[in-house]
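Everything below concerns the one structure shown next.
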Amino acid sequence: MTPIHHIRPTDSDYSTRLVAPLRLINLIWPLPEPRDIEKWRLRGTHHFVIYSEAEPLAHAGIFVREVFTARGTIPVGALGGVCVHPDYRGRGWGRDVAQAAFDFLPQLGVEVSLFQTPVPDFYARLGARLVSNRFHNGSNPADPFMDVYKMILPASFDWPEGDIDINGPGY
Ligand SMILES: CC(C)(COP(=O)(O)OP(=O)(O)OC[C@H]1O[C@@H](n2cnc3c(N)ncnc32)[C@H](O)[C@@H]1OP(=O)(O)O)[C@@H](O)C(=O)NCCC(=O)NCCS
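Its first residue numbered 1007, the sequence shown is counted upward by one per residue in my numbering.
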């Protein structure tokens, strides 16, 4: 398998190592303003990256978020930024970086990942399932996620029904 590099929030050179993956992320999801790498580090974000030469071609990020549900607080693996360079799709690299992030759930101390996605079938192949809760952020009733589909992994996790406060902005 193509090697997957792990960038940890505790790495002393975290910000430097994130510069290159940021190029890929900005290519896939352009933003008018620069992204705040320090915010990712403070969230405790781990990054899984596939490179060719020095250029990142696939990326997945994950951090822990405590969400508030009808059954109490659940810490989730907040997966985001899963992307592959458009010229390098269809080689299994998207699956590999997403799987690396999911494999890291035990080390994060959580049993389940919660994430949004425009490509639910891609994640269903990895063992995720759709959930249909209403999501909000604190007192703001608007859905903090951009994508219509929300999923959890593993599908077997006993996920609660009802409203869920994701306790922060969408990711
Ligand atoms: C979605 C994305 C990460 C997939 O990356 P990829 O490297 O092309 O996917 P892989 O080659 O690893 O595909 C793994 C499997 O998923 C399938 N798959 C890939 N993209 C899919 C999609 N959009 N919908 C359903 N299945 C998909 C593949 O056919 C393959 O199936 P197989 O195991 O039966 O052969 C990539 O298309 C991408 O970067 N898209 C833009 C950003 C995005 O939407 N990211 C998701 C954010 S949650």
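Even for Gly, the Cβ is constructed at its ideal location relative to N, Cα and C. A quick note: this is a predicted structure, and the numbers were derived from the prediction, not measured.
Residue L1030 holds the alpha-carbon nearest to the alpha-carbon of S1058 among L1030, Q1113, G1115, V1125. In the structure shown, D1171 falls within a strand segment according to DSSP collapsed to helix, strand and coil.
DSSP places G1100 within a helical segment (H, G or I) once states are collapsed to three. Assignment of V1055 by DSSP, reduced to helix, strand and coil, places it in the strand class.
If you measure from each CB to the nearest heavy atom of ligand 1, the residues under 6 Å come out as I1034, V1088, C1089, V1090, R1095, G1096, R1097, G1098, W1099, G1100, R1101, T1123, P1124, V1125, D1127, F1128, R1131.
The criterion of a C-beta distance shorter than 8 Å is not satisfied by G1098 and G1067. Here DSSP, grouped into helix, strand and coil, assigns E1044 to helix. Using a C-beta cut-off of 8 Å, the segment 1145 to 1160 makes contact with the segment 1111 to 1121, since at least three inter-stretch Cβ pairs fall below that distance. When secondary structure is reduced to three states using DSSP, I1031 falls in the helix class. Rounded to the nearest whole angstrom, the CA to CA distance from A1104 to S1145 is 31 Å.
Annotated as distal: L1024 and I1034, with beta-carbon spacing of 8 Å or more.
Per DSSP, P1112 is one residue of the alpha helix (DSSP H) stretching across 1111 to 1114. Closest by C-alpha distance to T1051, out of G1100, P1062, V1088, is V1088. Taking a C-beta distance under 8 Å as the contact criterion, V1116 and V1070 qualify as a contact pair. Distance between L1114 and R1047, taken at the CA atoms: about 15 Å. Using a 10 angstroms sphere on the CB of V1082, the tally of other CB atoms reaches 16 or more, which defines it as buried.
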